[in-house]
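Student: Following my numbering, the numbering of the sequence shown begins with 96 at its first residue and continues without gaps.
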Amino acid sequence: RKLMEEMYCKYGCKRRIEMEESEAKNKFQQVLLTSGNTEPAMQVEWRKHAFPERKYERLENASVVCDGLSEIDKSYAIYELGTSIP
Numbered sequence: 096r097k098l099m100e101e102m103y104c105k106y107g108c109k110r111r112i113e114m115e116e117s118e119a120k121n122k123f124q125q126v127l128l129t130s131g132n133t134e135p136a137m138q139v140e141w142r143k144h145a146f147p148e149r150k151y152e153r154l155e156n157a158s159v160v161c162d163g164l165s166e167i168d169k170s171y172a173i174y175e176l177g178t179s180i181p
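1. Is the beta carbon of valine 160 less than 9 angstroms from the beta carbon of lysine 150?
2. Since valine 160 is in the alpha helix (DSSP H), which residue starts that stretch and which ends it?
3. Following the continuous alpha helix (DSSP H) through arginine 110, name the residue where it begins and the one where it ends.
4. Under the three-state reduction of DSSP, which class applies to lysine 169: helix, strand or coil?
5. Quick check: the Cα distance between arginine 144 and asparagine 132, rounded to an integer number of angstroms?
As C-alpha cells, this is what we get:
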C-alpha cells in the first residue's frame with residue numbers, strides 16, 4: 096500500500112495536473128472557435144481593378160537626414176532617399 100501511495104504522489108499527481116491543463120486548454124480552444132467573428136472584413140463589392148497611377152509632386156526643400164548618425168549611416172540614409180518615381 097505504501098508503495099502505491101508513493102507511486103501516486105510521484106506520477107499520478109503529475110499526470111492528473113497534466114490532464115486538467117489539457118482539458119482546460121481544449122475547452123478554451125473550443126470557446127475561441129465557436130465565439131470567433133466569422134463575418135468578412137469588408138461587406139461590400141470587392142474592387143478587382145487597381146486605382147489609376149498617381150503623379151507625385153517633388154518637395155521643394157531638399158530632404159535632410161537627422162543629426163546624430165554616423166557617417167556610414169548618414170550616407171546610407173541619403174542613398175535610401177533616392178527614388179525612381181518621376
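Ideal placement from N, C-alpha and C gives every residue a C-beta, glycine not left out.
From a predicted model like this one, the values you see are computed outputs, not experimental measurements.
Tutor: Let me lay it out:
1. no
2. No alpha helix (DSSP H) contains valine 160, which DSSP labels as neither H nor E.
3. 108-130
4. helix
5. The displayed chain sequence assigns histidine, not arginine, to residue 144. So the two alpha carbons sit approximately 28 angstroms from each other.
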